[in-house]
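Note that this note's numbering numbers the sequence shown so that position 255 is 255, with each residue one more than the last.
What follows is a single structure, written as C-alpha cells, with notes after it.
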Amino acid sequence: MSIYNKLDLTGWKPRQLSSQEVRFATWIAFFAWVFAVYDFILFGTLLPEIGRHFGWGEVEQAEIATWVAVGTAVVALAIGPIVDKLGRRKGIIFTVAGSALCSALTAIGGAWGKSPLILIRSLGGLGYAEETVNATYLTELYGASQDPRLTKRRGFIYSLVQGGWPVGALIAAGLTALLLPVIGWQGCFIFAAIPAIVIAIMARKLKESPQFQIHQRISELRKSGAVNEAQNVAATYGVDYDEHSKAGLKAAFRGPARRATLVIGAALLLNWAAIQVFSVLGTSVIVSVHHISFENSLIILVLSNLVGYCGYLSHGWMGDKIGRRNVIGLGWMLGGLSFAGMLFGPSNMAMVVGLYSLGLFFLIGPYSAALFFISESFPTSIRATGGAIIHAMGPIGAVVAGFGATQVLSAGSDWQTAALWFGAVPCFLSGALMFAARHVRPETVQ
C-alpha cells in the first residue's frame with residue numbers, strides 16, 4: 001500500500017506529490033548538480049593557470065588542492081544533520097546558493113593569498129554535498145511514487161541526474177577552452193556563478209518529500225509532548241520510533257547502519273583518491289605524464305567526459321538489473337585497471353584518450369548507482385546524515401591522495417608514480433571493498 005493511502009488515527013497523512021512535481025524535482029536536482037560540479041571541477045582544471053598567474057609551483061598547487069579537500073570534507077559533513085533537521089528542499093536551495101557564492105568569491109580570493117583562497121574553496125563543500133542531498137531527496141520521491149514505471153526504473157532515472165557530474169565536467173572543460181583566452185580565469189569563475197543563482201531561485205518551488213513530512217510530523221509531536229500520537233504516526237508508516245528518537249551522527253554507527261557507514265565510507269575514501277588524481281587533477285596528470293599541451297588536455301577531458309556520461313547511464317541501468325552494490329564494485333575495479341594502463345601506455349593521443357575515457361567510464365559511472373545505494377542503506381531519520389558521513393570520506397580520500405602525491409613529487413619522483421599508487425591502486429581496492437557492503441532490496445527502503 002502506498003504511504004499516501006495510509007491514515008493515522010489523527011487523520012493526518014503526508015501531502016502527495018504529483019507526477020509533474022516529481023519530474024520538476026528531477027530536473028532541478030540535475031541542473032543543481034551540473035553547476036555544482038562545474039564549479040568543483042573548474043578549480044582543478046584552472047589550477048595550473050591560477051598557479052602560473054600567482055607564481056605557485058607544482059608542489060604548492062598540490063598543497064592547495066589538498067587543504068581545499070580538507071575544508072570540503074568538513075563542510076560536506078556538516079550538511080547531513082542540517083538536511084535531516086530542516087528538510088530536503090531547503091538543503092538543495094542552501095547548497096546551490098553556497099556553490100554560487102563560492103564561484104564568485106574564487107575570482108578575487110587568489111589575490112588575497114593562498115589561505116583566503118583555501119577558505120573560499122572550502123565552501124565548495126556545499127556544492128559537493130549537493131549530490132548527497134539530491135540522492136536523499138530523489139530516493140524518497142521515487143520510493144513514494146505511485147508510478148510503477150518510475151519505481152521499476154528508479155536507478156536508471158537517477159543515473160540521468162547523477163550524470164550531471166560528467167556534464168558539469170564537460171562544461172567546465174569546454175567553456176574554459178572557449179572563455180579562458182577572452183575573460184581570463186577570474187572571469188570563468190564569475191560566469192560559473194550565474195546559472196547556480198538561477199537554479200537556487202527556481203528550487204524554491206520544490207515540494208518536500210513525503211518521507212520527510214512523516215519524519216517531521218513525528219519530531220513535532222514528540223517535542224510537543226504528544227508521545228502517543230508520535231508513536232501512532234511511526235507505527236502507521238513503518239518507522240522505528242525508538243531509532244527515530246535517537247537520530248543523529250551516533251545513529252549512523254548503530255545497528256544495521258554501522259556496516260553501511262564503515263564499509264561504504266572506506267570504499268568511498270579509497271575511490272576519491274582516484275577522483276582527486278584522475279578527475280580533479282586530470283589535466284596535471286595528462287600534461288606531466290604524456291607531455292601533452294594544456295590545450296590538448298582540455299580536449300581529452302571533453303571527449304572522456306562524454307564517455308563518462310555514458311558510464312552513468314550504463315551503471316544506473318545495470319544497477320536496476322543486477323544490484324547496485326555489484327555494479328559499483330565491478331566498475332571501480334575495472335576503472336583502476338584502465339587508469340594503470342593509461343599511465344604506462346604509449347603517449348599518443350588515441351591511446352591516452354581511449355584508456356583515460358575508459359577509466360572515467362568505470363570511475364565516475366558507478367556513482368549513479370553509488371549515491372542511490374547509499375541513500376537506500378539508511379532510514380529516513382538519518383538518511384542525509386549517514387550519506388553525509390560517507391560522502392565526507394571522499395574529500396578525506398582526496399586529502400590522502402593529495403598529501404601522498406605531494407610527497408612523491410617533493411621527493412623528486414613524477415606524476416606517473418604518484419598517480420599509480422594514489423590513484424589507480426586505490427580505485428581498484430575501493431571496488432573490491434564494496435562487496436563487503438550489505439545488499440539492499442529497493443522495495444524494503446522506508
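By construction, the Cβ of each residue, glycine as well, lies at the ideal position given by its N, Cα and C atoms.
As the structure is a prediction and not an experimental result, all values here were calculated from the model.
**Request:** Assign methionine 1 to buried or exposed, taking buried as 16 or more other Cβ atoms, counted over all protein chains shown, within 10 Å of its Cβ.
**Result:** Note that methionine 1 scores 49 on pLDDT, short of 50, meaning its location in the model is unreliable; the coordinates nonetheless yield the value given after this. Exposed, since its Cβ has fewer than 16 Cβ neighbours within 10 Å.
**Asked** Taking just the CA atoms, how far does glycine 91 sit from glutamine 231?
**Response** 27 Å
**Prompt:** Do you know whose CA, among Leu371, Gly431, Ile396, Pro426, lies nearest glycine 163's CA?
**Reply:** Nearest C-alpha to glycine 163: Leu371.
**Request:** Could you pull out every unbroken alpha helix (DSSP H) segment of at least 4 residues lying fully inside the stretch 102 to 168, listed in chain order?
**Result:** If we require 4 residues or more, the alpha helix (DSSP H) runs fully inside the stretch 102 to 168 come out as 114 to 122, 124 to 144, 148 to 152, 154 to 162.
**For serine 19, the nearest candidate out of Val327, Leu117, Ala266, Tyr142 (CA to CA)** = Looking at the Cα atoms, Tyr142 is the closest of the given residues.
**Prompt:** By how many angstroms is the C-alpha of arginine 217 removed from the C-alpha of aspartate 84?
**Reply:** Their Cα atoms are separated by approximately 13 Å.
**Prompt:** Would DSSP call glycine 174 helix, strand or coil?
**Reply:** In the structure shown, glycine 174 sits in a helix (DSSP, three-state: H, G or I).
**Request:** Would you mind sorting histidine 291 into buried or exposed? The rule is 16 or more other CB atoms within 10 Å of its CB.
**Result:** With a threshold of 16 other beta carbon atoms within 10 Å, histidine 291 falls short and is exposed.
**Request:** Could you tell me if alanine 235 is buried or exposed, where buried requires 16 or more neighbouring beta carbons within 10 angstroms of its beta carbon?
**Result:** exposed
**Message:** Just verifying my parser: in three-state terms, what is the DSSP assignment at methionine 1?
**Reply:** Because the pLDDT at methionine 1 is just 49, under 50, the model does not fix this residue reliably, and the value given afterwards should be weighed accordingly. DSSP places methionine 1 in coil when its eight states are reduced to three.
**Which listed residue (Val408, Ser375, Ala129) has its alpha carbon closest to that of threonine 261** = The option with the nearest alpha carbon to threonine 261 is Ser375.
**Request:** Measure the CB-CB distance between glycine 365 and phenylalanine 428 and report whether it falls below 7 Å.
**Result:** no
**Prompt:** How long is the line joining the alpha carbons of tryptophan 112 and alanine 62, rounded to whole angstroms?
**Reply:** Taking the Cα positions, tryptophan 112 is about 19 Å away from alanine 62.
**Prompt:** If you scan the stretch 391 to 432 from start to end, which runs of the beta strand (DSSP E) of 3 or more residues do you find wholly inside it?
**Reply:** none
**Message:** Judging by CA-CA distance, which residue of His215, Val75, Thr106, Ala104 is the nearest neighbour of threonine 380?
**Reply:** His215
**Prompt:** Going by C-alpha distance, which of Tyr312, Phe191, Leu17 is nearest serine 357?
**Reply:** Nearest C-alpha to serine 357: Tyr312.
**Item:** DSSP-derived helix/strand/coil call for leucine 17
**Value:** Coil at leucine 17, not helix or strand.
**Message:** Looking only at its chain, what residues have a beta carbon closer than 6 Å to the beta carbon of arginine 222, apart from the 5 residues adjacent to it on each side?
**Reply:** Ala230
**Item:** The alpha helix (DSSP H) enclosing valine 327, as first and last residue numbers
**Value:** 324 to 344
**Asked** Do you know offhand how far tyrosine 137's Cα is from tyrosine 158's?
**Response** 11 Å
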